[in-house]
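Heads up, the final residue of the sequence shown is numbered 173 in this note's numbering, and it's a clean run with no missing numbers.
Below is one structure; the comments refer to it alone.
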Amino acid sequence: AGEPIILPETWRMIDLLAHQPQDTIFDNRSTPETEDAGMIVSKAFHQAAATISDHWADPAYTWKDAKGTEIRHLARLPGMGSGLMPIGGYRDAPNALSRTAGPSWRMIVELGPQVKARGIYPGGQSGNPGSRYYDNMIGEWSKGKYQDLIFMKSPDDDPQSVLFTLEIN
């Protein structure tokens, strides 16, 4: 009980751990002891290890199972998002995903005489929840797969891949 403490920013916490491990910020005021950084870090490590061994001892259980990612509907409507998907990544990693945020459009482009590109995004072409194209690419996106993208220099480059042309007068 008492007033809530304002936690320092990450860079400052690292500095405190490294250079001022006896700082009062590490003391758990709800105990009679005076804790320091070493005691708090050790206690946190042992609690984390116990939780992992109790609940996630299965060797097949991975980070993606613990973290997961979900794609929410823009209006946060229940039932309209993806639900939780087992996807790894971390906000500060190349696969920069948190539980609810991350890169949507992913694209790889090979530049050269003939441009080649692959891309994917979570969701689908349609914004209509009744359409089969509403969320048809979420599965491929979650697996890290890509689709070939068409790069045309003129309207006649690749006519077999063009389904229709819309001309507006």
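We treat Cβ as the ideally placed atom computed from N, Cα and C, and that holds for glycine.
Let's test the definition: count the other Cβ atoms within 10 Å of the Cβ of residue i and tell me whether it reaches 16, buried, or not, exposed.
i: F30; result: buried
i: I75; result: buried
i: P8; result: exposed
i: I91; result: buried
i: I18; result: exposed
i: L101; result: buried
i: E142; result: It should be noted that the sequence gives Ile, not Glu, for residue 142. The residue in question, I142, is buried, as its Cβ has 16 or more Cβ neighbours within 10 Å.
i: I112; result: exposed
i: I10; result: exposed
i: I56; result: exposed
According to DSSP, simplified to helix, strand and coil, what is residue i?
i: V45; result: helix
i: K147; result: coil
Can residue i and residue j be called in contact, C-beta distance under 8 Å?
i: G106; j: M89; result: no
i: G85; j: H77; result: yes
i: S165; j: I172; result: no
i: Q151; j: R110; result: no
i: P126; j: W145; result: yes
First and last residue of the beta strand (DSSP E) that includes residue i?
i: A22; result: That residue, A22, is in no beta strand (DSSP E); its alpha helix (DSSP H) goes T14 to H23.
i: A121; result: K120 to I124
i: R110; result: R110 to E114
Measuring only between beta-carbons, confirm whether residue i sits less than 8 Å from chain E.
i: G87; result: Of the chains in the structure shown, none is chain E; there is only one protein chain.
### Task
Mind listing, in chain order, the continuous alpha helix (DSSP H) runs of no fewer than 4 residues lying wholly within the stretch 48-103?
The stretch 48-103 contains, as complete alpha helix (DSSP H) runs of 4+ residues, the segments 67-71 (chain order).
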